[in-house]
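A short write-up of the structure that comes next.
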Amino acid sequence: MLKDKIQKEGKYLGKGILKVDSFMNHQIDPQLMKEIGLEFARRFKDCGATRILTAETSGIAPALVFAIEMHLPLVFARKHQPITMAENPYKQSAESHTHGKTVELIVSPEYLKAEDKVIIIDDFLASARTIKALVKLVTASGATLVGIGAVIEKSFEGGRAAISDLGVQIESLAAITSFDNDQINFN
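The sequence shown runs 7 to 193 under our numbering.
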């Protein structure tokens with residue numbers, strides 16, 4: 007279902023950028039997000055997680071359905087610190103290929119604790135810059151990382167290799183091996 011949606015509605019914009027705004031990054035296809043959440047729940051059911059972590063904003067929809075299925079709280083790393091956030095939040099920077107700038111990811115210590123076992127969910131696994139920043143937030147909190155999930159993996163960008171030494175379960179639901187002109191090729 008996900009691969010079909012990518013083939014029909016995804017648009018390759020060049021420079022490694024895949025536009026999936028019509029179903030995940032701007033407009034959300036709720037039925038697809040439900041299926042994605044169910045699949046992540048099936049794959050991570052035995053990892054003992056106590057919390058799900060994602061990045062604002064594109065990771066929220068798939069992570070929310072996953073969190074509902076797992077009966078776990080979902081925390082999203084914010085890109086801007088509100089005045090209501092607790093003092094001394096965890097902060098990490100990540101270069102965003104899509105935004106063309108560095109973004110700061112911020113999590114309140116109220117919602118990421120040392121006793122937590124965390125699964126990170128993100129929309130893409132490409133260079134793994136965002137995921138590595140999320141991993142650093144988990145580490146800073148003293149929590150334990152138990153898994154990483156990505157809706158779409160661009161395997162040709164090396165992100166999996168960049169995080170494979172973490173020793174946790176890594177799952178992607180659709181792995182793209184290359185873009186040839188307008189053709190999207192899957193693993």
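Even for Gly, the Cβ is constructed at its ideal location relative to N, Cα and C.
All of these numbers come straight from a predicted model, not from anything done at the bench.
Do you know how far the Cα of P95 is from the Cα of K142?
To locate residue 142, count along the sequence shown from 1; it is residue 136. To locate residue 95, count along the sequence shown from 1; it is residue 89. A direct Cα-to-Cα measurement between K142 and P95 gives close to 13 Å.
For the alpha helix (DSSP H) that contains D188, what are its first and last residues?
Stepping through the sequence shown from its first residue, residue 188 is reached at position 182. Per DSSP, D188 is not a residue of any alpha helix (DSSP H), being assigned neither H nor E.
How far does the beta strand (DSSP E) with Q98 in it extend, from its first residue to its last?
Against the sequence shown, residue 98 aligns to sequence position 92. Q98 -> beta strand (DSSP E) spans 96-102.
To which residues of the same chain is Q87 closer than 7 Å at the C-beta, ignoring the five residues directly before and after it?
To locate residue 87, count along the sequence shown from 1; it is residue 81. Sequence-distant Cβ neighbours of Q87 in its own chain, meaning closer than 7 Å and more than five residues away, are P95, I112.
M30 burial status per 10 Å Cβ neighbour count (16 or more: buried):
On the sequence shown, position 24 is the one that residue 30 refers to. The residue in question, M30, is buried, as its Cβ has 16 or more Cβ neighbours within 10 Å.
Whole beta strand (DSSP E) elements within the region 20-84, 3-residue minimum
DSSP runs (the beta strand (DSSP E)) wholly in the region 20-84: 23-25, 57-61, 80-83.
Can you check whether the CB of V157 is closer than 8 Å to the CB of P68?
Translated into positions along the sequence shown, residue 68 becomes position 62. Translated into positions along the sequence shown, residue 157 becomes position 151. Inclusion of P68 and V157 in the CB contact set at 8 Å is warranted, their separation being smaller than that value.
For I126, count neighbouring C-beta atoms within 10 Å of its own C-beta (all shown protein chains included) and say buried if the count is 16 or more, exposed if not.
By 1-based counting over the sequence shown, the position of residue 126 is 120. Its Cβ being crowded by 16 or more others within 10 Å, I126 is buried.
Does DSSP put T145 in a helix, a strand or coil?
Stepping through the sequence shown from its first residue, residue 145 is reached at position 139. Helix at T145.
Under a three-way DSSP split, which group does G155 fall into?
Here residue 155 refers to the residue found at position 149 of the sequence shown. If DSSP states are grouped into helix, strand and coil, G155 belongs with the strands.
Which of the three DSSP states is assigned to D122 in this structure?
The count along the sequence shown starts at 1 and reaches residue 122 at position 116. In this structure, D122 counts as coil in the three-state DSSP scheme.
Could you pull out every residue in the same chain whose Cβ sits closer than 7 Å to the Cβ of E163, ignoring the five residues on either side in sequence?
As a first step, residue 163 must be located in the sequence shown, where it is residue number 157. Same-chain partners within the cutoff: G22, A132, S133.
Hey, out of A92, Q98, A83, G16, whose CA is closest to G65's CA?
Locating residue 65 in the sequence shown gives position 59, counting from the first residue. Looking only at A92, Q98, A83, G16, the smallest Cα-Cα distance to G65 is reached by A83.
Can you grab the Cα-Cα spacing for the pair P79 / D128, in whole Å?
Taking the first residue of the sequence shown as position 1, residue 79 is located at position 73. Taking the first residue of the sequence shown as position 1, residue 128 is located at position 122. Approximately 16 Å, taken between the alpha carbons.
Please classify T150: does DSSP put it in a helix, a strand, or coil?
As a first step, residue 150 must be located in the sequence shown, where it is residue number 144. In the displayed model, T150 falls within a strand according to three-state DSSP.
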